[in-house]
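Number of protein chains: 2
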Amino acid sequence: MDIEQANQSAVTRMIEARPMLTGVAAARDVIPGMHSNLLLHAGPPIAWARMSGPLRGAMIGAMLFEQLAHTEAAAIALAESGGVQFEPCHEHNTVGPMAGVTSASMLVYVVENKAGTGSTNTAYSNLNEGYGKVLRYGAYSAEVLTRLRWMNTVLGPTVGAALARSDGIDLRALIAEALHMGDEGHNRNKAGSLLFLKALAPLIAQGNGAADGQSEVLKFLGDNALSVLNPVMAACKAMTDAAHGVEGSTLVTAMARNGTDFGIRISGLPGQWFTAPAEIPVGLFFSGFSQADANPDIGDSAITETAGIGGFAMAAAPAIVTFVGGTPRDALNATLEMYEITTTEHKHFTMPALDFRGTPTGIDIRKVVELGIAPRINTGIAHKNAGVGQVGAGLVRPPMVIFEQALLAYAEKYGL
Amino acid sequence: MDIEQANQSAVTRMIEARPMLTGVAAARDVIPGMHSNLLLHAGPPIAWARMSGPLRGAMIGAMLFEQLAHTEAAAIALAESGGVQFEPCHEHNTVGPMAGVTSASMLVYVVENKAGTGSTNTAYSNLNEGYGKVLRYGAYSAEVLTRLRWMNTVLGPTVGAALARSDGIDLRALIAEALHMGDEGHNRNKAGSLLFLKALAPLIAQGNGAADGQSEVLKFLGDNALSVLNPVMAACKAMTDAAHGVEGSTLVTAMARNGTDFGIRISGLPGQWFTAPAEIPVGLFFSGFSQADANPDIGDSAITETAGIGGFAMAAAPAIVTFVGGTPRDALNATLEMYEITTTEHKHFTMPALDFRGTPTGIDIRKVVELGIAPRINTGIAHKNAGVGQVGAGLVRPPMVIFEQALLAYAEKYGL
């Protein structure tokens, strides 16, 4: 067993993946195994009984949106009765920020890995709702559901029609450019979202839709500095899935949190989750909220760090400290530390402030355990109660024990 | 004479100016003193006989565009005969990149200083043509003139109508945000141009224009990473003009080059230019060109450095070294050096990489002369022959002698 060679093979597949955003489609039409009674969620598997406030809130919202239930109480009863199924996005080639809830009729981005080497793979992500009261943070008021319906009837179709008029958007190139413009690709996607708008705007204007709708969509996309987060996450999922299942590889191919547990998946141990209780992120809080309001870590967005951006590329995004706390020097150090636990430097994602050095890429569980350095993750912070929403942003690490579990399982499987 | 107080007053006016992009209009309708036979140019005053290749080329192009002449030979004859007048943009509240040629029927951006303190002032700049063969680099082929006509009939009216539907675009806020996104505002305006597109796109989509025209304009604005350079230059002109004419101030309020001479203006010495032969920029050249092709320094764009951005804010834009040469450390050092010759740090323009320190602002001719440190300028490099266009980008400094001349004139006027 040549572990180094296996890891080299896995990380090369990750780096050379070429995720192209090619369309928008209904989840039920494209996501493998999707059906009307299935609700996908962020993170590793979890039953209703163990779900945290924001994940429950998002599930309630999705049941109302899908008209599986017509009241909050009916939704809770349905969930408790087992009348709906809950499965991880990750097990359906999908990722979603925060609660990550994705249901059958929701429109999703379609991101195809067009690397041209080996088998192709596709990843999906729901559309970003913007700020304030949003489903992904567990809010499900009328305003949240109204916005979701607008996204399904105006935003998604408009963006989908625009993409249909294009050859697709090269998300690897977009991320690379955004890293030269002060983004790190997870919590700071200002530049990426504008590059996304730049690609879409002329295509949207070519449409036959009402001028009002086009203007509204362009304003929504432009005003939301997270517009591109979901396609970027799907791109990272396409990249990390390309690296999954390499015999003998000790690389992490998913890090994901459901608000209760943190789970990781390992390339050489396909189909397994290693989980432990998620930590509570530490960061800066919006006015009126404090650390005591924070829910444990939640969301599939740590797929960005898994692919070598986000917290791993903080050196590219010194301005992010106004949002997650710390100093620009801390941001630089975060990236430098991640070189310790990764297997290589990214060929396409470079950071000007580090003399265009590639981002640390390919987390090796052997290094994590040996050095006692867990990956760094930038994250939004959800209120611990359903229905409140985002209360801040900050930094978090996975529990070290899941890397130890994974290494034990690896040793067992490969007889080392 | 309290020089420190005069400089403080001048630099405060510069920093607190609030340039708002409010419209697009024909030069003849808004620029003071504009008339059909007048061609404005970058830099200090210059006669046809002393103009360099690219400035002559641009003048020829403008004469063809205005139908003052119908052939290159007729245009040259007209220029030589004195049948057209040449005056600096700067003397008409206007700035233009590179040749900066602005003629009566060209559409220009209107930027109003809405500081609300003291007298208001307005500045103008032509529209940016994008890359390749362009008038501002001295090209005047049919393709150049066709694009100029499209800009006057489609681009300008579309953007103007969009602005008319808005409260204007706050360019100070736009520049501040772009500096947190890897721009320095002179040679790197990628983020700023996307912020400009973001502001305009929903307004453009509201228009009644043909969908084709709207799409074309959105594509042109989005694909041109210099789209916002001209409004940014007009904003800097509005800021520096607000600081001009303060009795006793030793601050520089304009740095401008016409391709032959470099000229500066001083706040406490209104109406005077101090000039000397312009240096040849040193930088990186496009494939097939070399230092030997470079024209001496040209353009009003050094108004950005005068206002505290551009070369002075290079620490915000490490990725610019791929374009102008050097290393990210050099970029950082360029900014640090400029603190030596400036009077304060900008309140609104901050740089994350320097712990959000304000950019060095308000060049003091006393410090320049005493320390022997001339301002640093990022610049495009024009081919020395008319009609070729841009051949590279790099760095340049003004000749030190003009600061010495200015200091002597100051001493004479104020009897020091």
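Protein chains in written order, with the working numbering: chain A, 1 to 416; chain B, 417 to 832.
Where is the CB? At the ideal position from N, CA and C, for every residue including glycine.
Original post:
Quick one: Cα of Thr102 (chain A) to Cα of Trp150 (chain A), how far?
Top reply: 16 Å
Under a three-way DSSP split, which group does Leu571 (chain B) fall into? Here Leu571 (chain B) carries a helix assignment [DSSP, helix/strand/coil].
* To do: Starting from Leu226 (chain A), follow the alpha helix (DSSP H) in both directions and report where the run begins and ends.
  => Leu226 (chain A) -> no alpha helix (DSSP H), and no H or E assigned at all.
- Please decide whether Pro573 (chain B) counts as near chain A, where near means a Cβ-Cβ distance under 8 Å. no
Using a Cβ-Cβ distance under 8 Å, would Lys763 (chain B) count as near chain A? no
Item to complete: With DSSP as the reference, label Glu545 (chain B) as helix, strand or coil.
Response: coil
message = Can you pull the chain A neighbours of Thr569 (chain B), defined as C-beta to C-beta under 9 Å?
response = At a C-beta separation below 9 Å, Thr569 (chain B) has no neighbours in chain A, since its nearest C-beta there lies roughly 18 Å away.
- Query: Listed from N- to C-terminal order along the chain, which residues in the segment 762 to 789 of chain B have their beta-carbon within a distance smaller than 7 Å of any beta-carbon of chain A?
  - Reply: Residues passing the 7 Å Cβ filter: Pro768, Ala769 and Asp771.
Which residues in the same chain as Arg604 (chain B) place their Cβ atom closer than 6 Å to its Cβ, once the five residues preceding and following it in sequence are excluded? Ala733 and Ile736
| Under the three-state DSSP convention, the category Asp364 (chain A) falls into | strand
* To do: Provide the residue span of the beta strand (DSSP E) that contains Ile377 (chain A), from first to last.
  => Run containing Ile377 (chain A): Ile377 to Ala382, per the beta strand (DSSP E) assignment.
Item to complete: Figure out for me which residue from A:Phe196, A:Glu143 and A:Arg397 has the closest Cα to the Cα of Gln227 (chain A).
Response: Reading the sequence as shown, one finds Ser at residue 227 (chain A) and not Gln. For Ser227 (chain A), the nearest C-alpha among the options comes from A:Phe196.
State yes or no: is the C-beta of Pro88 (chain A) within less than 8 Å of the C-beta of Ala235 (chain A)?
One thing to note: Pro88 (chain A) has its Cβ no nearer than 8 Å to the Cβ of Ala235 (chain A).
| message | Against Gln206 (chain A), what residues of chain B qualify as contacts under a CB-to-CB distance less than 9 Å, listed in chain order? | response | Ala627, Asp628, Gln630 and Ser631
*Output yes if chain B places a C-beta closer than 8 Å to the C-beta of Leu421 (chain A); else output no.*
The question about residue 421 (chain A) has no answer here: the residues shown for chain A are numbered 1 through 416.
Requested in this report: Please decide whether Lys198 (chain A) counts as near chain B, where near means a Cβ-Cβ distance under 8 Å.
Outcome: yes
Q. From the beta carbon of Met730 (chain B), is the nearest beta carbon of chain A less than 8 Å away?
A. no
Worksheet entry | Bridge partner(s) assigned by DSSP for Ile682 (chain B) | B:Val668
Requested in this report: Run the CB neighbour count on Gly439 (chain B), radius 10 Å, all protein chains shown included, and call it buried at 16 or more, exposed below.
Outcome: Label assigned to Gly439 (chain B): buried.
* From the beta carbon of Gly601 (chain B), is the nearest beta carbon of chain A less than 8 Å away? -> no
Could you check what DSSP says for Arg397 (chain A) in three-state terms: helix, strand or coil? Looking at Arg397 (chain A) - three-state DSSP - the assignment turns out to be coil, as it is neither helix nor strand.
Can you pull out the residues from the segment 126 to 138 of chain A whose beta carbon lies closer than 9 Å to at least one beta carbon of chain B?
none
Self-check item: Residue range of the alpha helix (DSSP H) that includes Glu143 (chain A)
Solution: Looking at the DSSP string, the run of the alpha helix (DSSP H) that includes Glu143 (chain A) is Ala142 to Trp150.
Could you give the DSSP three-state label for Ala205 (chain A): helix, strand or coil?
helix
Exercise for review: Along the alpha helix (DSSP H) that carries Arg321 (chain A), what are the first and last residues, could you check?
Suggested key: Checking the sequence, you will find Val at residue 321 (chain A) rather than Arg. First-last of the alpha helix (DSSP H) with Val321 (chain A): Val321 to Val324.
- Query: So which residues on chain B does Leu194 (chain A) lean against when the C-beta distance must stay under 8 Å?
  - Reply: Ala607, Leu610, Leu611, Leu613 and Lys614
Q: Using only alpha-carbon positions, find the residue among B:Ile476, B:Tyr525 and B:Asn537 that is nearest to Ala493 (chain B).
A: B:Ile476
Let me check you understand the geometry: is the CB of Gly192 (chain A) closer than 7 Å to at least one non-hydrogen atom of the ligand SAH?
The ligand SAH is not part of the structure shown, which contains no ligands of any sort.
| request: Tell me, to the nearest whole angstrom, how far the beta carbon of Ala393 (chain A) is from that of Ala353 (chain A); I am working on the premise that it is less than 8 Å. | output: Ala393 (chain A) to Ala353 (chain A), Cβ: 21 Å. No contact.
At the level of alpha carbons, what is the spacing between Asp330 (chain A) and Arg773 (chain B)?
16 Å
By the criterion of Cβ-Cβ separation under 8 Å, what are the contact partners of Gly182 (chain A) in chain B? His596, Met597, Gly598, Ala607 and Pro768
- Task: Identify the contact partners of Pro202 (chain A) in chain B, using a Cβ-Cβ distance below 8 Å as the criterion.
- Result: Ser631, Glu632, Leu634, Lys635 and Gly638
Practice item. Compute the Euclidean distance between the alpha carbons of Ser452 (chain B) and Ala478 (chain B), then round it to the nearest angstrom. Key: Spanning the two alpha carbons is a distance of roughly 11 Å.
How would you list, in chain order, the residues of chain B whose beta-carbon sits under 9 Å from the beta-carbon of Ala278 (chain A)? Those do not exist, as Ala278 (chain A) stays about 30 Å from chain B at its closest Cβ, beyond 9 Å.
Does the beta carbon of Ala319 (chain A) come closer than 8 Å to any beta carbon on chain B?
yes
Which residue marks the beginning of the alpha helix (DSSP H) containing Gly57 (chain A), and which one marks its end?
Gly53 to Phe65
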